[in-house]
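Chains A and B are the protein sequences, given in the same order. Residues are numbered in this note's numbering as their position in the first sequence, beginning at 1, plus a constant of 10. Residues are numbered in this note's numbering as their position in the second sequence, beginning at 1, plus a constant of 10. C-beta atoms are modelled at their ideal positions from N, C-alpha and C, and glycine is treated no differently. Reading through the structure tokens given below for one structure.
2 protein chains.
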Amino acid sequence: MTFSITARDTESQARTGVFTTDHGPVQTPIFMPVGTAGTVKAVHQRELETDVNAEIILGNTYHLYLRPGLDVLQRAGGLHAFNGWRRPILTDSGGYQVYSLSNTRKIKEEGVTFKSHIDGSKHTFTPEGVMDIQRVIGADIMMAFDECTPYPCDYTYARQSMEMTHRWLDRCIARFDATEGAYGYRQTLFPIVQGSTYADLRRQSAETIASKEREGNAIGGLAVGEPAEEMYETIELVNGILPADKPRYLMGVGTPANILEAIGLGVDMFDCVMPTRNARHGLLFTTAGIINIKNEKWSRDFSPIDAGLGGYASTFYTKAYLRHLFKADELLGGQIASLQNLTFYLWLVRQARIHIEAGDYVSWKNGIVGQLMQRL
Amino acid sequence: MTFSITARDTESQARTGVFTTDHGPVQTPIFMPVGTAGTVKAVHQRELETDVNAEIILGNTYHLYLRPGLDVLQRAGGLHAFNGWRRPILTDSGGYQVYSLSNTRKIKEEGVTFKSHIDGSKHTFTPEGVMDIQRVIGADIMMAFDECTPYPCDYTYARQSMEMTHRWLDRCIARFDATEGAYGYRQTLFPIVQGSTYADLRRQSAETIASKEREGNAIGGLAVGEPAEEMYETIELVNGILPADKPRYLMGVGTPANILEAIGLGVDMFDCVMPTRNARHGLLFTTAGIINIKNEKWSRDFSPIDAGLGGYASTFYTKAYLRHLFKADELLGGQIASLQNLTFYLWLVRQARIHIEAGDYVSWKNGIVGQLMQRL
């Protein structure tokens, strides 16, 4: 993977860049729609490419490992061949899902034993195993196996967990470097900074992760309930240590405001379930603000969902029609709202790139963030 | 509405034609996807036009009357403006839903009183009221208010119900002819033949309906549980009486085999929830036969869903991927399957038109029906 920075903001740490994988280039800052089980929920692959303009999507190792399973994915020729998505894919390590979804899990030095949320069957994820799984899935960007600590987290647990995550990282790197992609294209491995909200741990973790000199680096363990200010302080601290010439990926974040702030702190890559999950509950992100489309006030509003955003779903359908679909529990409601929110998120990072290049990122961000986050 | 017959089969009653509405032409024989509450479930309007190639869709008066309601539809400028579907729309009269969905309903000469399945509120549908409602919805083709008898149905009830349906028809026609469309384009009214499976009643009803000289006629009360042979005999009898120069619409039918047989008996228009409802349960109609995509046998079948059909959903996605989506309860599964089944149904009637024009309809039908109905 190659990464080149194409513009730097002078008033913040924001920058634009492009990284290139064997499945094509990705412009940064970028938002990556979450495709948990090999599908971005309620959205066709064609729509992701041509309406949403997604450049890279996520897959979840935990979900894909359980269903459809490695045998199916291997026979298919990897996830790209399986789901037909031709652009880059990033897979998480499965760690987060194991902690949050699995019925019971036991964390040991060797790895994590857990029960499937589907059938209760018992499985073990080790750092080496998770590398092997992600080789089979065939994501362009693989993530190291880490422990994501909850918030709040006591200092001793956070430190011990971070140290284990670092030891696991060495095992991940050893396995990754000793193996090859299964399908003829290159894969890369991103390590993950942990350390909860403790500055000294975050500093230590960032230095450790930076010292591995991988092609990109991630910040984990944020957006787990801590105040936004603590998150921003942690990002600032960590980004001051992580190499500036490698992409920085802030995992699982966040609201439009979170994303714009984090871009200003030098983050290049984002993912979050918020646009798709909120969409299925009728919560829309628009260029004019946030809309709960189920509200009675939209029932006779025949204006487009988001004329300012453009694109099919946002301009073809009206607010009144979309509200009706939600009130009637019609599947098309979630489909339209998912397109709206994802198109908005990709618009947001595209606007960020434009304003970084134009040299007015901070004033643009400060001017628009209130508008984007207001409830209409 | 104008209707012209463009070809007649010499070995059967099959014919091709085209009817023209103010929202454009419809080639017959045609299948009309069911858009119950103003949406063909899980399918975008754009997909209906460009992938499915639907020429006309249905709306359900009962559902639209309850939700979004007449005030919203009127302010929107009718259903076309409300949901963005630019081609023709046909609405049923609400009768069928009142009998099958409403908690309690009381049928009297004046009309039907029923309770909403949504909130239990009490409503009355009369022949006049249902005309007014369909004027507000603004369908190109409106249906008369009838009683659809169940199967089996005793003779006396069937006769009395048919006679009331005929009296209701006169009231529908009087109201329809005394009113105008609300949105500047023409609407037309189709009466409905009833009479259960009794030949003398069906003959009497067909004669009554034919005598009204409307622009098209419908056959109701079939596909309610009677053997297919009884259905075909009834269609043959009725079509021998209904005018040959008007389109004939067989309501709520049916399987691919039902449709091909009925086309051979001179039917021009069809609607059925089967393609979309079955799709959401993982049952696919394909050019090679019927597939239960949830079956284990498809888990490693990486061939396109239906290469013979062509089009996006059928050729882009594989059987193994679609199976995975259904096993994982992913919304995209129902979306893909709905596109597949609707595209297949529109393909089926297009093939019928081609073979009627080529003069080999009966031999083509007899050759392909076994293939289409076999379980793969």
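Within the segment 101-131 of chain B, contact with chain A at the beta-carbon level (separation under 8 Å) is assigned to no residue. When Cβ-Cβ separations below 8 Å define contact, Q84 (chain B) makes no contact with chain A. K329 (chain B) sits buried, since 16 or more C-beta atoms from the chains shown fall within 10 Å of its C-beta. By the CB criterion at 8 Å, P201 (chain A) and A228 (chain A) fall inside the cutoff. The continuous beta strand (DSSP E) containing G34 (chain B) extends over residues G34 to T38.
With fewer than 16 other Cβ atoms inside 10 Å of its own Cβ, Y165 (chain B) counts as exposed. As summarised for the segment 294-328 of chain B, the continuous alpha helix (DSSP H) elements at least 4 residues long and confined to that stretch are 322-326, given in chain order.
Between M383 (chain A) and I303 (chain A), the C-beta gap is not smaller than 8 Å, which leaves the two residues out of contact. Contact check for L342 (chain A) against H54 (chain B) passes: the beta carbons are separated by less than 8 Å. A Cβ-Cβ separation of about 5 Å places C158 (chain A) in contact with Y106 (chain A) under the 8 Å criterion.
Within the DSSP bridge table, the entry for S14 (chain A) names A:V28 as partners. Distance from L247 (chain A) to R224 (chain A) at the Cβ level is roughly 20 Å; contact not present, criterion being Cβ atoms closer than 8 Å.
Inclusion of P137 (chain A) and F124 (chain A) in the CB contact set at 8 Å is not warranted, their separation being larger than that value.
Beyond the five residues adjoining it in sequence on each side, G380 (chain B) comes within less than 8 Å, by CB distance, of no other residue in the same chain.
A Cβ of chain A is located within less than 8 Å of the beta carbon of R56 (chain B). In the displayed model, N249 (chain A) falls within a helix according to three-state DSSP. Closest in C-alpha terms to I128 (chain B), from the list B:R97, B:Y75 and B:Q170, comes B:Y75. Here Y193 (chain A) carries a coil assignment [DSSP, helix/strand/coil]. Between the alpha carbons of I40 (chain B) and G45 (chain A) lies a distance of about 37 Å.
Scanning the segment 59-112 of chain B from its first residue to its last, the whole alpha helix (DSSP H) runs of 4-plus residues come out as 71-76, 80-86, 89-93 and 105-110.
Excluding its 5 nearest sequence neighbours in each direction, G88 (chain A) has C-beta neighbours in its own chain below 8 Å: V146, I147, G148, A192 and Y193, listed in chain order.
Here the segment 312-326 of chain A does not lie against the segment 367-376 of chain A, with fewer than 3 beta-carbon pairs under 8 Å apart. With contacts defined by Cβ atoms closer than 8 Å, I273 (chain A) and A17 (chain A) do not form a contacting pair. In the DSSP assignment, Y355 (chain B) falls within the unbroken alpha helix (DSSP H) covering L341 to A368. In chain B, no part has a C-beta under 8 Å from the C-beta of G205 (chain A); the shortest such distance is about 34 Å.
Segment contact: the segment 81-95 of chain A against the segment 111-126 of chain A, fewer than three CB-CB distances shorter than 8 Å; contact not assigned. According to the DSSP secondary-structure assignment, Y259 (chain A) is paired through a beta bridge with A:A228 and A:M279.
For I117 (chain B), the uninterrupted beta strand (DSSP E) segment begins and ends at R115 to I117. For V203 (chain A), the three-state secondary structure derived from DSSP is strand. Around the beta carbon of Y167 (chain A), a 10 Å sphere encloses fewer than 16 other beta carbons of the protein chains shown; the residue is thus reported as exposed. Just measuring C-alpha positions, the residue of A:Y355, A:G250 and A:V36 sitting nearest G264 (chain A) is A:Y355. Per DSSP, the unbroken beta strand (DSSP E) holding I151 (chain B) starts and ends at I151 to M153. Boundaries of the beta strand (DSSP E) harbouring T134 (chain A): K132 to F135, taken from the DSSP string.
DSSP, read as helix, strand or coil, puts T49 (chain B) in coil.
Identification of chain A residues near K51 (chain B) by a Cβ-Cβ cut-off of 9 Å yields E340, L341 and L342, ordered along the chain. One finds P78 and V82 in chain A with Cβ atoms closer than 8 Å to the Cβ of S309 (chain B), taken in chain order.
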